[in-house]
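Trainee: Here it is, the structure, as structure tokens.
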Amino acid sequence: MTNQAKRFYVETLGCPKNQVDSDKLIGTLLADGMLATDSAEDADLVVVNTCAFIDEARRESIDTILSLDEQRKKSSRLVVTGCMAERYGQELADELPEVDLVAGFGVPVHTPAPKKLIPVGSAPVPTLDLLNLPRPKSSSPWAYIKIAEGCDRTCGFCAIPSFRGPQRSRDVQSIISEVEQLEAREI
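Residue 1056 in my numbering sits at position 157 of the sequence shown, and the numbers go up by one each step.
Printed below as a string of structure tokens:
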């Protein structure tokens, strides 16, 4: 048996907020000793950060999940997270046998779970604070910075508050620290 580090692949769909969430997820996986790979075929952990804002985004999320299931090695774990997992978690867990874990926002995706669906707030392990997790340095000259999460409005046309929760803002120092840590030239 080798001591080779486990490898992960993250596919991000949707808005810039999802990209920031994926960056923070990647930072957590790297800090835990995992290695990133550019290919689902080489990964021990395949994560799809989904979007559920409009019908087309939901279809793209399902298509991506099924495509990555075909690409991944049989011994890997396929985890679905993001807005679609938060909003339609039970349906995804019931209807997609290809998926090993459906994890709500802030649920560690690399921790083995006793059940297939772990929505935020019911995790058997402490949930992650997506606003304040570390991120890897930016590989591009620019980066998105999330200064708040959620929304307190209840507009009839928007479901974001139902799966992102109430608005929570970051303190100024944590935002400045993240900007400095990313070493990006444009924010």
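We put the beta carbon where it would ideally sit given N, CA and C, even for glycine.
All values derive from a computational prediction rather than experimental measurement.
Which of the three DSSP states, helix, strand or coil, is assigned to residue 942?
Mentor: coil
Trainee: Excluding the 5 residues flanking residue 961 on each side, which residues of the same chain have their C-beta closer than 6 Å to its C-beta?
Mentor: Closer than 6 Å at the Cβ level, and outside the excluded window around residue 961, lies no residue.
Trainee: Please work out which residues of its chain come closer than 8 Å, Cβ to Cβ, to residue 914, disregarding the five sequence neighbours upstream and downstream, and give them in chain order.
Mentor: 950 and 952
Trainee: Under 8 Å, with one C-beta from each stretch per pair, do the stretch 925-933 and the stretch 955-973 reach the 3-pair mark?
Mentor: Fewer than three beta-carbon pairs drawn from the stretch 925-933 and the stretch 955-973 are found closer than 8 Å, and the two stretches are therefore not classed as touching.
Trainee: May I ask which residues mark the beginning and end of the alpha helix (DSSP H) holding residue 1062?
Mentor: 1059-1063
Trainee: Looking at the secondary structure, which residues open and close the alpha helix (DSSP H) in which residue 967 lies?
Mentor: 954-970
Trainee: From 1036, 981 and 1073, pick the residue whose C-alpha is nearest to that of residue 909; which is it?
Mentor: 981
Trainee: Any contact between the stretch 1036-1047 and the stretch 915-928? By contact I mean 3 or more CB pairs, one from each, below 8 Å.
Mentor: yes
Trainee: Is residue 932 near the ligand GTP, going by C-beta to nearest heavy atom under 7 Å?
Mentor: With respect to small molecules bound, the structure shown includes none, and the ligand GTP cannot be examined in it.
Trainee: Using a 10 Å radius around the Cβ and a threshold of 16 neighbouring Cβ atoms, would you call residue 971 buried or exposed?
Mentor: Answer is buried; the Cβ neighbour count reaches 16.
Trainee: How should residue 1077 be labelled, buried or exposed, when 16 other C-beta atoms within 10 angstroms of its C-beta is the threshold for buried?
Mentor: buried
Trainee: According to DSSP, is residue 1068 part of a helix, a strand, or is it coil?
Mentor: strand
Trainee: I'd like to know whether the C-beta atoms of residue 976 and residue 944 end up nearer to each other than 8 Å.
Mentor: yes
Trainee: If residue 978 and residue 999 are in contact, beta carbons under 8 Å, what's the gap, nearest whole angstrom?
Mentor: Indeed, because the Cβ distance is near 6 Å, the residues count as touching under 8 Å.
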